[in-house]
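Undergrad: Quick one: the structure is below, and I'll ask about it shortly.
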Amino acid sequence: MAFVLTIAEGKGRGQKFKFEIDNVTIGRGAENDVVLNDAGVSRMHARIERQGVAWMLLDNGSANGTELNGAVLQKPMSLRAGDRIGVGPVTFEFFSESDETRITSPAPKREVETRVSAMPAPPRAIEPKAGAVEQLPAWVKIAAAGGAALILVGVARTAVQSRAQRGLACPDTVAVDDDTASFTFGHLEADVDCGDKVVFGFNVPQQTRVLFHYQPMRISTPSELELRVNGKHLAWAPVVGARGEPQVVTIPQESLSADGRNFVTFSENQRDKDWAVAKVRVEMLAITPGDLLAARQAYDRGRRKLEEKRIAPRNLYDAWKAFADARRQMEGLPQKPALYAEVAQLIKDCERDLDRECGKLLFSAARFTRYGQDDKAQQTYREVLLHFPGEDPTGCRKKAQENIVSAQTAAASE
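Note that our numbering gives residue 216 to position 202 of the sequence shown, counting from 1, and the numbers run on in steps of one.
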């Protein structure tokens, strides 16, 4: 007994997908039968399974919930013809072959994913930012940053001019900028199809420690995906599944280029294999004399904020900032104490939780917008600013500000 899902609302509206299997999963992870590439969708969000002669809709403990006919699903529910299933930004309409209304469309093979992806907006040229270094190539632009010592740097990306069949065409060098973390780069199931190699370029000031962040996906062997910096081996990506875990690699000072222009290359050793890297960003720490006492004070401050993260919206963000300050204070020490590794893990944990918090808030705002509740959507975007009072690795504050400005501009033009 087959069933059909039709996209009733969202990207790809009108598309129909017929399934002839007893269990269909929906989520952000590439292992799902229906893949929704959106921050508001959990990795394994929901599923539709056959129980006897009935089709049941189940939520897999998703962060933002699954909707059935506009109500958040509280328990498994049977599906009937015309029922609407809301997952993130997409609403599906359900029909089964046993219904009197028959819908037919070519059935996708089990081994080929049905993908409903929220692809990035069309590529655009990015204007130079304040503080551009004129002697560098046109694609490298220094970004203004908050804080004298902790600098999150972005540089303007080479514009991608065309869409390839499997995704956006990959430029020779992808210059790391504020938006790079929103894309996946790799082969086959990636936003930007780069074949077996992708090169990231960025500029580094003198006396700066560089931390390179990325999230590998679909790496099956230990020596499969190599990272090289300026032509020298840096590391091997770990073996990971479809989702992967964020990685941070410290680039040795001796590997950095004297002229400030640097390139990190990912090379896939298994040709024509499905692989990807996501959430690529460069974090820069000005090298100053180490101060272990100041590091411990910042660490203690971060611990207090972490314990109180439910008291005030910004406490999780403040904890992340305090741990980042603690790490900065230890960068100049000739030998790193045990505290350094603990702080690095705490930063990673905070960034993961901030990413989840951002996804929930933006999902709620998008849902309010979808149902015409613009005032509530704007209130949620303003709430984002309370949770993220400054620049953050998720870019959440920037996204909220853009939506607030967009709404104000639209209101002024009416």
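The beta-carbon is built from N, C-alpha and C at its ideal position, and this holds for glycine as well.
Terminal residues of the continuous alpha helix (DSSP H) containing T394?
TA: Numbered from 1 along the sequence shown, position 380 holds the residue referred to as residue 394. Run containing T394: 388-401, per the alpha helix (DSSP H) assignment.
Undergrad: So M344 is in the alpha helix (DSSP H); what residue range does that whole segment cover?
TA: Taking the sequence shown and counting its residues from 1, the one referred to as residue 344 is at position 330. According to the DSSP assignment, M344 belongs to the alpha helix (DSSP H) that extends over 329-345.
Undergrad: Which of helix, strand or coil does DSSP assign to G316?
TA: Walking along the sequence shown from the start, residue 316 turns up at place 302. If DSSP states are grouped into helix, strand and coil, G316 belongs with the helices.
Undergrad: Got a sec: is the Cβ-Cβ distance from Q284 to anything in chain C below 9 Å?
TA: This model lacks chain C altogether; it includes just one protein chain.
Undergrad: I need the DSSP call for R366, collapsed to helix, strand or coil.
TA: Here residue 366 corresponds to residue number 352 of the sequence shown, with the count starting at 1. R366: helix per DSSP, three-state reduction.
Undergrad: From this set, S76, I35, G409, which residue's C-alpha is nearest L368's C-alpha?
TA: Position 354 of the sequence shown, counting from 1, holds the residue named residue 368. Per the C-alpha coordinates, the member of S76, I35, G409 positioned closest to L368 is G409.
Undergrad: Roughly how many angstroms lie between the CA atoms of V147 and D273, to the nearest whole one?
TA: Taking the first residue of the sequence shown as position 1, residue 147 is located at position 133. Taking the first residue of the sequence shown as position 1, residue 273 is located at position 259. The pLDDT assigned to V147 is 27, lower than 50, so where the model puts this residue is not dependable, and the model offers no usable value.
Undergrad: To which residues does DSSP link D73 through a beta bridge?
TA: As a working note, residue 73 is residue 59 in the sequence shown. Bridge partners of D73: A60.
Undergrad: Could you name the residues of the same chain whose beta carbon sits closer than 7 Å to that of A414, not counting the 5 residues immediately before and after it, in chain order?
TA: Residue mapping note: residue 414 aligns to position 400 of the sequence shown, counting from 1. Excluding sequence neighbours, A414 sits near Y395, V398, L399.
Undergrad: Strictly by DSSP, which residues pair up with A204?
TA: On the sequence shown, residue 204 is found 190 positions in, with the first residue counted as 1. None; A204 has no bridge partner.
Undergrad: Which residues in the same chain as A421 place their Cβ atom closer than 6 Å to its Cβ, once the five residues preceding and following it in sequence are excluded?
TA: In the sequence shown, residue 421 corresponds to position 407, counting from 1. Taken in chain order, the residues that qualify are Q392.
Undergrad: Report the option in A60, I21, F216, T198 whose CA atom is closest to the CA atom of K89.
TA: Within the sequence shown, the letter at position 75 stands for residue 89. Ranking the options by Cα distance to K89, first place goes to A60.
Undergrad: Using the three-state DSSP reduction, which class does S420 fall into: helix, strand or coil?
TA: Walking along the sequence shown from the start, residue 420 turns up at place 406. Here S420 sits in helix by DSSP.
Undergrad: Could you tell me the alpha carbon to alpha carbon distance between E297 and A95, rounded to whole angstroms?
TA: The count along the sequence shown starts at 1 and reaches residue 297 at position 283. The count along the sequence shown starts at 1 and reaches residue 95 at position 81. The straight-line gap from Cα to Cα measures roughly 51 Å.
Undergrad: Would Q359 be called buried (16 or more neighbouring beta carbons within 10 Å of its own) or exposed?
TA: By one-based count along the sequence shown, residue 359 stands at place 345. It is exposed - the Cβ of Q359 has fewer than 16 other Cβ atoms within 10 Å.
Undergrad: Find out if the Cβ-Cβ distance for the pair R295, P185 is shorter than 9 Å.
TA: Position 281 of the sequence shown, counted from the start, is the residue given in the question as residue 295. Position 171 of the sequence shown, counted from the start, is the residue given in the question as residue 185. No, Cβ-Cβ distance for R295 and P185 is not below 9 Å.
Undergrad: Would D205 pass as a contact of F197 if the rule is Cβ separation under 9 Å?
TA: Start at 1 with the first residue of the sequence shown, and residue 205 comes out as number 191. Start at 1 with the first residue of the sequence shown, and residue 197 comes out as number 183. Yes, these two residues count as a Cβ contact at 9 Å.
Undergrad: For Y354, which option in A308, T279, S234, F199 has the closest C-alpha, if you only look at C-alpha atoms?
TA: Numbered from its first residue, the sequence shown carries residue 354 at position 340. Of the candidates A308, T279, S234, F199, the one whose C-alpha sits nearest the C-alpha of Y354 is A308.
Undergrad: For A16, does the three-state DSSP call read helix, strand or coil?
TA: In the sequence shown, residue 16 corresponds to position 2, counting from 1. Coil, per DSSP.
Undergrad: Can you give the Cα-Cα distance for D332 and K293, rounded to whole angstroms?
TA: Position 318 of the sequence shown, counted from the start, is the residue given in the question as residue 332. Position 279 of the sequence shown, counted from the start, is the residue given in the question as residue 293. Cα to Cα, D332 sits roughly 22 Å from K293.
Undergrad: Which complete alpha helix (DSSP H) runs does the segment 205-269 hold, if anything under 4 residues is left out?
TA: none
Undergrad: Since L353 sits in a beta bridge, which residues does DSSP pair it with?
TA: As a working mapping, residue 353 is identified with position 339 in the sequence shown. Looking at the DSSP assignment, L353 forms no beta bridge with any residue, so it has no partner.
Undergrad: Checking the sheet assignment: what are the DSSP bridge partners for I35?
TA: Along the sequence shown, read from residue 1 onward, the residue named residue 35 stands at position 21. Paired residues: none, contrary to the question.
Undergrad: Quick check on the DSSP output: the beta strand (DSSP E) that includes I99 runs from which residue to which?
TA: Taking the sequence shown and counting its residues from 1, one reaches residue 99 at position 85. Per DSSP, the continuous beta strand (DSSP E) segment holding I99 begins and ends at 98-101.
Undergrad: How should I233 be labelled, buried or exposed, when 16 other C-beta atoms within 10 angstroms of its C-beta is the threshold for buried?
TA: Taking the sequence shown and counting its residues from 1, one reaches residue 233 at position 219. Per the 10 Å Cβ criterion, buried.
Undergrad: What first and last residue would you give for the beta strand (DSSP E) that runs through T105?
TA: Here residue 105 refers to the residue found at position 91 of the sequence shown. That run of the beta strand (DSSP E) goes 104-110.
Undergrad: By DSSP, does I361 sit in helix, in strand, or in coil?
TA: Taking the first residue of the sequence shown as 1, we reach residue 361 at position 347. Reduced to three states, the DSSP call for I361 is helix.
Undergrad: In the DSSP output, which residue or residues are listed as bridge partners for T198?
TA: On the sequence shown, position 184 is the one that residue 198 refers to. Note: T198 sits in a beta bridge opposite A292.
Undergrad: Between which two residues does the beta strand (DSSP E) holding R94 run?
TA: Translated into positions along the sequence shown, residue 94 becomes position 80. Neither: R94 is in no beta strand (DSSP E) and is coded neither H nor E.
Undergrad: Under a three-way DSSP split, which group does R285 fall into?
TA: Locating residue 285 in the sequence shown gives position 271, where the first residue counts as 1. Correct three-state label for R285: coil.
Undergrad: Does the beta-carbon distance from F33 to T20 come in below 9 Å?
TA: Counting from one through the sequence shown, the residue named residue 33 turns up at place 19. Counting from one through the sequence shown, the residue named residue 20 turns up at place 6. Cβ atoms of F33 and T20: not closer than 9 Å.
Undergrad: Going by C-alpha distance, which of P260, F402, V278, Q387 is nearest A326?
TA: Taking the sequence shown and counting its residues from 1, one reaches residue 326 at position 312. Minimum Cα distance to A326 is reached at F402.
Undergrad: What are the partner residues of T279, as DSSP defines its beta bridges?
TA: Indexing the sequence shown from 1 puts residue 279 at position 265. BP columns for T279 point to V213, R242.
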